[in-house]
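Enquirer:
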Amino acid sequence: MIAKRINWIDWAKVVAIFLVVYGHIPQEKGAQLLSFICTFHMPLFFMLSGYLVRVCPNEDWTAFWHKQWKSLVLPYFLWNLVYYPYWLVWFFLDQHGKFNLFEVGFKPMMGVLLFQIQSPYSSVVSGVTWFLGALLVMRVLLEFVYKCFSCKWSMFFLLCGVTILLYIVNPRTDNFCHSLIVEGVLRCTPFFLLGHLLRIKFFFERLSLSTTFWGALMCLGLSVLFFSEFAHPKSSMALFYIVSVLGCMGTLLSCRLLDGFSSRIMIRISAGTIVIMGMHWMCIGSINYVVRIITHAPSIVYEWYTAFSLSCIILIILYPFIILSSKYFPQLLGRRKIT
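So for the sequence shown, the working numbering puts the first residue at 368; every next one is plus one.
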């Protein structure tokens, strides 16, 4: 990863993690704002990851895997370990206190080892950690291209084409494994590669302020237009990628306009997005449980403005955990040294 912080990228990461939290708060089915955000909030994260990744072609595979262990693999297992007590509590509540060792021990362990695959022999523990597993696969693919091929651009386009094709085919067949990580790799690899290509070409750095402003306005406007014209863009894969790319580019260009503004709080949230990613689902589940008890409602559905407020509250609640993790448990953030 790039050592020096890039201010507008910090803004983009804060926006992206806020959209992820907002997208996971239960709202009315078919809510337009929620559906629009969910079209591109995870692709945005992968585009940012591709933009920030640094490839060292002369680095051997041992050194590469050492870095991935520290930044992705170890955090993946640690966040599942952190999440497991919460998963266990909900399992007991759902089963009314009945359990056996196979259900609470073997199945969740296999689910984690198999990267969140739900099956008769495995259970999904922390589904949100699929992001780390998918990102690991994408980094391996990128490293492989750099080390083994001279025509990198051709391989990038080939990878995009293959993953898009498999993503189109996957829901219509039982030949592929139905895993969050598998689906995430197929859906988001093109965004990861696009982000990496934008970095190579210094795309954002070469834009003037006025071009950035009008570009952000145009991309966001077209993204909303395409989405509103076709109520369910996921029903059309081509439309999904158009709306997602435009939404991601519009968001990144908008954040580029904020490059002159900075704050310590924003930088900390950006550096601790993995903490929010790993813990926000526990916050949402706990809030929903309390609301159900108070209102005696069988299920919880929030209005968009309530979901927006809850997203802000969750980020505030998790902010101290970011500080504590940075100071005492940097391994949770993919680091070994406290910075």
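Ideal placement from N, C-alpha and C gives every residue a C-beta, glycine not left out.
(1) Can you check which of these residues, 523, 480 and 488, is closest to residue 511 by C-alpha distance?
(2) Are the beta-carbon atoms belonging to residue 409 and residue 555 less than 8 Å from one another?
(3) Closest by CA to residue 533, which one among 506, 552, 521 and 516?
(4) What does the alpha-carbon distance come out to for the pair residue 665 and residue 617?
(5) Between residue 580 and residue 621, what straight-line distance do the alpha-carbon atoms span, to the nearest angstrom?
(6) Is it true that the CB of residue 375 sits closer than 8 Å to the CB of residue 623?
(7) Rounded to a whole number of angstroms, what is the C-alpha to C-alpha distance between residue 573 and residue 380?
(8) Mind checking whether residue 669 and residue 682 have CB atoms under 8 Å apart?
(9) Can you check whether the CB of residue 479 is closer than 8 Å to the CB of residue 492?
(10) Can you say whether residue 427 is buried or exposed, counting buried as having 16 or more other CB atoms within 10 angstroms of its CB?
(11) From the DSSP output, in three-state form, read off residue 444 for me.
(12) Can you grab the Cα-Cα spacing for the pair residue 652 / residue 447, in whole Å?
(13) Among 424, 627, 502 and 468, whose alpha-carbon lies nearest the alpha-carbon of residue 516?
(14) Where do the ends of the alpha helix (DSSP H) carrying residue 465 lie?
(15) In this structure, how does DSSP classify residue 667 when only helix, strand and coil are distinguished?
(16) Once DSSP output is grouped into helix, strand and coil, what is the label at residue 394?
(17) Do the CB positions of residue 387 and residue 644 come within less than 8 Å of each other?
(18) Mind checking which residues open and close the alpha helix (DSSP H) that includes residue 519?
Expert: Here's the rundown:
(1) As a working note, residue 511 is residue 144 in the sequence shown. Here the closest residue by C-alpha is 523.
(2) Within the sequence shown, the letter at position 42 stands for residue 409. Within the sequence shown, the letter at position 188 stands for residue 555. Yes.
(3) The sequence position of residue 533 within the sequence shown is 166, counting from 1. Selected option, being the one with the closest Cα: 552.
(4) In the sequence shown, counting from the first residue as 1, residue 665 sits at position 298. In the sequence shown, counting from the first residue as 1, residue 617 sits at position 250. Taken atom to atom, the span from the alpha-carbon of residue 665 to that of residue 617 is near 38 Å.
(5) If you number the sequence shown from 1, residue 580 lands on position 213. If you number the sequence shown from 1, residue 621 lands on position 254. When rounded, the separation of the alpha-carbon atoms in residue 580 and residue 621 is 7 Å.
(6) Indexing the sequence shown from 1 puts residue 623 at position 256. Indexing the sequence shown from 1 puts residue 375 at position 8. Against a cut-off of 8 Å, the Cβ pair of residue 375 and residue 623 comes out as a contact.
(7) By 1-based counting over the sequence shown, the position of residue 573 is 206. By 1-based counting over the sequence shown, the position of residue 380 is 13. One Cα belongs to residue 573, the other to residue 380, and the distance between them is close to 21 Å.
(8) Taking the first residue of the sequence shown as 1, we reach residue 669 at position 302. Taking the first residue of the sequence shown as 1, we reach residue 682 at position 315. Not a contact, by the Cβ cut-off of 8 Å.
(9) The count along the sequence shown starts at 1 and reaches residue 492 at position 125. The count along the sequence shown starts at 1 and reaches residue 479 at position 112. Against a cut-off of 8 Å, the Cβ pair of residue 479 and residue 492 comes out as a contact.
(10) Here residue 427 is taken as the residue at index 60 of the sequence shown, counted from 1. By the neighbour-count criterion, in which 16 or more other beta carbons inside 10 Å mark a residue as buried, residue 427 falls on the exposed side.
(11) Here the question's residue 444 lines up with position 77 in the sequence shown. Helix.
(12) Residue mapping note: residue 652 aligns to position 285 of the sequence shown, counting from 1. Residue mapping note: residue 447 aligns to position 80 of the sequence shown, counting from 1. Distance from the CA of residue 652 to the CA of residue 447, rounded to the nearest whole angstrom, comes to 16 Å.
(13) Taking the sequence shown and counting its residues from 1, one reaches residue 516 at position 149. Selected option, being the one with the closest Cα: 424.
(14) Walking along the sequence shown from the start, residue 465 turns up at place 98. It is not in any alpha helix (DSSP H) - residue 465 carries neither H nor E in the DSSP assignment.
(15) Here residue 667 refers to the residue found at position 300 of the sequence shown. Assigned with DSSP and collapsed to three states, residue 667 falls in coil, not helix or strand.
(16) By 1-based counting over the sequence shown, the position of residue 394 is 27. The answer is strand: DSSP assigns residue 394 an E or B state.
(17) Reading the sequence shown from its first residue, position 20 is the one you call residue 387. Reading the sequence shown from its first residue, position 277 is the one you call residue 644. Their beta carbons are under 8 Å apart, which means residue 387 touches residue 644 by this criterion.
(18) Position 152 of the sequence shown holds residue 519. In this chain, the alpha helix (DSSP H) harbouring residue 519 covers 519-536.
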